[in-house]
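Take a look at the structure set out below.
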Amino acid sequence: MSLFLLTLGFGIVTSAVLALAAVGLSLQFGVTNYVNFAYGAFLAFGMFFTYTAQSALHMPIVLAGVFGTLATGVVALVVDTLILEPFVRRGTSGFFLLIVTFGLSLILLNLVQAIWGVGFDQYNVAAGSPITLGPFSFTAAQIGVVAVAVLTMVAVHLLLTRTTLGRAMRAMSDNAPLARATGIDTRSVTRWTWFISGCLAGLGGITLALNTVEFQAFTGNTFLFVIFAAVILGGIGQIYGAMIGAVIIGLVVNFAGMVISSAYDLDAAFAVLVLVLLLRPQGIIPTLGKA
Amino acid sequence: MGVILGYVATLGVYFFIYNIFAFGLNIQFGYTGILDFTVITFMAIGGYMAGVASLGPEQPGSDIYYVLGLSLPWPVALVIGAAAAGAAGYVLGLIALRRLRSDYLAIVTLAAGSIVYGVIGNANGLFDGFEGLVGVPQPLNGVLKLSPNSYTLFFLGLAGVIMAICWFVAERIYRSPLGRAMRAIREDLDVAEAYGKRTFRVRMTAMVIGCVFVGIGGVLTIWFVTALAPAGWGTSETFVVWAALIVGGRGNNLGAVVGSFLVAVLFNEATRFLPAIPGHPSLISEIRNMCIGGLVILTLWFRPQGAVAERKARFFEIPLRPGALDEAAKSVPAMATSGS
């Protein structure tokens, strides 16, 4: 029983990490309507910007995290403006955009590795004694991860429902040509979307690094298809679906690790992905015409 | 002299092997439009299966563990490797080739590749985990008793013959009714379906044939290197094959050959012999990977059709019956001239 609760606790933390990353991917996917295979590299940028801010610039971890998050948003914005946007404007089909992002992931991951090296790094976070919350037991970092995720989800919800930008993003996600016809500046909305998606990727990378403790350039990329599993389970471009998907996949991964072996825990996410594609490819919350 | 000859022959073998990979991906992506982002996984499956089929039973106490160990002759091992890669492609196709958006297909192939990588790496009893197989017997090496350099030349010939057969088969498929159905599906799946093509079956055929090709390339790889470990088939290796096809020209086997030469040989293999930069042992491979990614993006921007463009079929190229072309030209003169 205690093993079950302990695993549930870890599952909640994994879900929190996954929710941050999945919402960022799903937001961009919904608005621009193509998948970004370089997303795993954005996670790596978030991890390492924060690492440098903390170890070289001696910022406290929270400030370093904010810096890493915003800097990754800027990287995503630059990548979109310089490379992806020209392709989209030229009318390149989604097919070739996928190959472009696949190539970008190779470039960016190797760039991260060239700058920060191949070895494993870790943040300087005091481990502290575990904090007991009801039946669960967490480290301070894990509680921080969950709190950040919950706050971010609330913020994303408010962004999408209460702001003009959020409404414009939802409009573009539903029907981009129509959104343009009604006078929405789709180019600036797209750029904001990439910035926010990058920030969420950075945050996902930082929390992933806090959760796994040791990380290197390809840690985020290994996690990428787990993020895809959560996004597809939730339904393409569905933000709330991505949150639900993240919780389900996070729990499945941890319980599979408990039952089978932690070497194969990510395979459980793949099994869920396959089942979803076979049984309900439109996801939990379907988007019309997007399956 | 001997050293240079051996070096050139080695590059030649890699050139032929990458040709076969690129033909396989060309059948999947270039002909049919299937985004297979895990090409190299099928190379690994083909190579490993041929390896364990031709290796002897595992030796107790040698710390090398693997399944089978059948000591089969090399032609049988080649067939086993190719068939295993094809079967793996079939299983992946069952999941990925359902009528879903192409992004899903790409995601599933990428995820499946990462799973297979993890399983083969972690399951030590399968193909010796991350250590990988070593000492795989080379075809006829025990019989011919050649010096290493002469054997490399012999292997170059063997790989060349297999590559030529693959090229011939790929060209025949391109010109066959099956190949036309594949290209129709690439251009528009719904239209092909409306004309009564069994799109799932055609796409699955392309997937399996492509994987068999890549598997054959994998068998040649493990024969030539005599070893195979997961470090040799990461995602960046998949991208080298993609880069070869995109840069050379997709949908076009000559383009696949040109691309293999430019990317896989000139760029990828030749730069492996550059000395490492002191203090940064992996910097050269990182720069190489960045350049290959950049090369693909620049090609897609400046010359999306690749170095050798696919020759597009003309409208009246295939007359339905004798004289149909002349009649059509007479009745609709505008169409016959603007067909291209």
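Top to bottom, those sequences are chains W and L. Last residue of the first sequence? That's 291 in this note's numbering, and every number before it is there in order. Last residue of the second sequence? That's 1340 in this note's numbering, and every number before it is there in order. Even for Gly, the Cβ is constructed at its ideal location relative to N, Cα and C.
Can you list, in chain order, the residues of its chain whose CB lies under 7 angstroms from that of residue i, leaving out five sequence neighbours each side?
i	result
Ala246 of chain W	Ser15, Leu18, Ala19, Ala22 and Ala230
Ala1050 of chain L	Ala1077, Leu1078, Ile1080, Gly1081, Val1219 and Ile1222
Thr1299 of chain L	Ile1246, Val1247 and Gly1306
Ala1270 of chain L	Leu1011
Leu224 of chain W	Tyr39 and Gly40
Ala1276 of chain L	Ile1284
Quick one: what's residue i bridged to in DSSP?
i	result
Leu1280 of chain L	In the sequence under discussion, the amino acid at residue 1280 of chain L is His, which differs from the Leu named in the question. Beta-bridge pairing links His1280 of chain L to L:Ile1277.
Leu1133 of chain L	L:Leu1228
Asp121 of chain W	W:Phe215
Phe1127 of chain L	L:Tyr1066
Report buried or exposed for residue i, applying the criterion of at least 16 other Cβ atoms within 10 angstroms of its Cβ.
i	result
Asp1188 of chain L	exposed
Phe29 of chain W	buried
Thr182 of chain W	exposed
Glu1237 of chain L	buried
Ala1103 of chain L	Strictly speaking, residue 1103 of chain L in this sequence is Asp, with Ala absent from that position. By the 10 Å Cβ count, Asp1103 of chain L comes out buried.
Val1143 of chain L	exposed
Ile61 of chain W	buried
Ala1352 of chain L	Here chain L has residues from 1001 to 1340 only, and residue 1352 of chain L is not among them.
Glu1286 of chain L	buried
Lys1312 of chain L	exposed
Tyr1195 of chain L	exposed
Asn110 of chain W	buried
Pro86 of chain W	exposed
Going by beta carbon distance, what residues of the same chain come within less than 8 angstroms of residue i, once the five residues before and after it are set aside?
i	result
Gly1121 of chain L	Gly1129, Phe1130 and Pro1230
Val272 of chain W	Ala229, Leu233, Ile248, Ile249 and Val252
Gly1249 of chain L	Gly1255, Ala1256, Val1258, Gly1259, Gln1305, Gly1306, Ala1307, Val1308, Ala1309 and Glu1310
Ser26 of chain W	Val231, Gly234, Ile236, Gly237, Gln238, Ile239, Gly241 and Ala242
Gly289 of chain W	Here the model assigns Gly289 of chain W a pLDDT of 49, short of 50, so the residue's position is not dependable and the matter cannot be decided.
Ile184 of chain W	Ala168, Ala171 and Met172
Can you tell me whether residue i is helix, strand or coil according to DSSP?
i	result
Ser129 of chain W	coil
Phe223 of chain W	coil
Ser1176 of chain L	coil
Phe215 of chain W	strand
Phe1302 of chain L	helix
Phe1037 of chain L	coil
Phe195 of chain W	helix
Phe138 of chain W	strand
Gly60 of chain W	Residue 60 of chain W is actually Pro in this sequence, not Gly. Three-state DSSP puts Pro60 of chain W in coil, outside helix and strand.
Pro1319 of chain L	Note that Pro1319 of chain L scores 49 on pLDDT, short of 50, meaning its location in the model is unreliable; the coordinates nonetheless yield the value given after this. Of the three classes helix, strand and coil, the one that applies to Pro1319 of chain L here is coil, per DSSP.
Thr1271 of chain L	helix
Arg89 of chain W	helix
Tyr1031 of chain L	helix
Pro177 of chain W	helix
Asp185 of chain W	coil
Val1308 of chain L	coil
Gly1056 of chain L	coil
Asn1149 of chain L	helix
Arg1201 of chain L	helix
Asn1252 of chain L	coil
Pro1075 of chain L	helix
Gly30 of chain W	helix
Arg1183 of chain L	helix
Phe37 of chain W	coil
Arg1098 of chain L	coil
Ser2 of chain W	helix
Here's a check: name, in chain order, each residue in its chain whose Cβ is nearer than 6 angstroms to the Cβ of residue i, leaving out the five neighbours to either side.
i	result
Phe102 of chain W	Phe37
Gln216 of chain W	Phe120
Thr219 of chain W	none
Met59 of chain W	Ala53
Leu108 of chain W	Ala38 and Ala41
Gly11 of chain W	Gly250, Leu251 and Asn254
Ile1209 of chain L	Ile1027
Ala1009 of chain L	Thr1152, Leu1153 and Leu1156
Just checking residue i against the ligand SAH - is the residue's beta carbon closer than 8 angstroms to any of the ligand's heavy atoms?
i	result
Ser1062 of chain L	Judged by which ligands are present, the structure shown has none, so any question about the ligand SAH falls away.
Closer than 8 angstroms is the cut-off here; do at least three beta carbon pairs connect the stretch 1167–1179 of chain L with the stretch 1020–1038 of chain L? yes
Within the chosen definition, does the stretch 192–201 of chain W reach the stretch 70–82 of chain W through at least 3 CB pairs nearer than 8 angstroms? yes
Using a Cβ distance threshold of 8 angstroms, determine whether the stretch 89–99 of chain W contacts the stretch 200–211 of chain W, with at least three qualifying pairs required. no
On the three-pair Cβ rule with 8 angstroms, is the stretch 1087–1095 of chain L touching the stretch 1060–1067 of chain L? no
Counting pairs of Cβ atoms below 8 angstroms between the stretch 1044–1059 of chain L and the stretch 1005–1019 of chain L, do you hit three or more? no
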